[in-house]
Each structure stands twice: as C-alpha cells, then as structure tokens.
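In this text, residue positions in the sequence shown follow our numbering: the first is 21, and each later residue adds one.
Just so it is clear, CB atoms sit at the ideal spot from N, CA and C, and this is done for glycine as well.
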Amino acid sequence: MLTFRLARAADLPELEALQARASLATGENFEDLIANPDAMTIPAEHLDQSLVAAVDGVIAGFCTILPLSKDVAEVDAVFVDPRNWRTGIGRALLLRAEQDLLASQTRSLRVVSGRYAVPFYQSLGFQLAGTEMTQFGPAARLIKTLRPGGAGLAKSPLEQSR
C-alpha cells in the first residue's frame, strides 16, 4: 500500500542513497555525478519541505518543493527508487504535493530538469519555458499553473485504486 508522510531527519541517509541510485540509473550526467558526489546530497533544511512515498512501509520515493514566493514554488527534487520506476509513484508524489500547494495559495510551480525527466513533467502539465545553466550544463526550465482539481489530468493507477 502506498502512503505519504513528511520526511524526517532519520530519513536523510536513505533519501540520499535513493537519490544517488535514481540519478545514476538515468545515465544522464553519469560521469559528472560520479566525479561530484556532493551534487547528490540533500540539505537537511530541505527535509521539512520533502514528502516521502512508502510502499508497505519501505521508502520508494520522495519529492521536495521549495517556496520561492507567496504564490510560486519550485520542484527541487522528485526521485523514485529505480525498482519502482513506471509504477506511478513519482506522479502520485507530485500530484499530492500540488494539492498541498493549492491549499497554501501557491499558483505556479516551476522545475529545472535534465532531459531524462522532461517527458515526465510534461505528462503532468508542465510547459517548456526555456533553459537554465546548471552545474552540469544546460537544462530545461518548465512551468505549471496550478488549478484546483489537477487541471483535468487523468488519475494515475495508484490514485484510481484509492
């Protein structure tokens, strides 16, 4: 069963290991990530902005959403353990986070993404809005306007089972 909860300090080592597995499994920027392992660390101060997804009590993924202003937030991280890819966990995490953002009056969500994840974000209604330079080169900048009800997106299989 899929459950959500806020991240805790005790989760940090497990979340960092999950992030490293997922980051390296995409193959994108592999050499750069190996050479710069600090790029796969999670600042402890981000934990209170991180939502954890667990399957039968085992952490399967997490997302971190950071407020930029009263009505704009940024997706800092969405990572799912590679063993759980293509199961709807990433989608469920982000949609759950969006519900929380709408309740707090946030109306716009942005993300800077590598090529591998752009189709994922687009499937959730994000629109390409340019590029940004990152530590490892150019990346896509995407933006989504948040609307109550998820802007008519189809529910994931995980959501339909609830």
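Residue i - partner residues in DSSP beta bridges
| i | result |
| --- | --- |
| E152 | A159 |
| S16 | Since the first and last residues shown for the chain are 21 and 182, residue 16 lies out of range. |
| A97 | T84 |
| L26 | L71 |
| L128 | Per the sequence shown, residue 128 should be read as Ser rather than Leu. In the DSSP output, where bridge partners are listed per residue, S128 has V92, T165. |
| Q147 | I163 |
Residue i to residue j span [Cα, whole Å]
| i | j | result |
| --- | --- | --- |
| A24 | P158 | The sequence given here places Phe at residue 24; Ala does not occur at that position. When rounded, the distance between both Cα atoms is 32 Å. |
| V72 | L113 | 8 Å |
| D91 | C83 | 19 Å |
| L44 | T151 | 22 Å |
| D31 | F99 | 14 Å |
| L5 | H66 | Nothing about residue 5 can be read from this structure; the chain reaches only from 21 to 182. |
Element boundaries [alpha helix (DSSP H), containing residue i]
| i | result |
| --- | --- |
| E65 | Here E65 belongs to no alpha helix (DSSP H), and DSSP marks it neither H nor E. |
| R116 | 109-123 |
| P139 | 138-143 |
| P33 | 32-45 |
Pair within 8 Å by beta-carbon distance, residue i and residue j
| i | j | result |
| --- | --- | --- |
| S128 | L166 | yes |
| R161 | R130 | yes |
| I79 | E34 | yes |
Whole-number beta carbon distance between residue j and residue i, since they are thought to touch under 8 Å
| i | j | result |
| --- | --- | --- |
| A64 | A29 | 7 Å |
| L86 | D96 | 5 Å |
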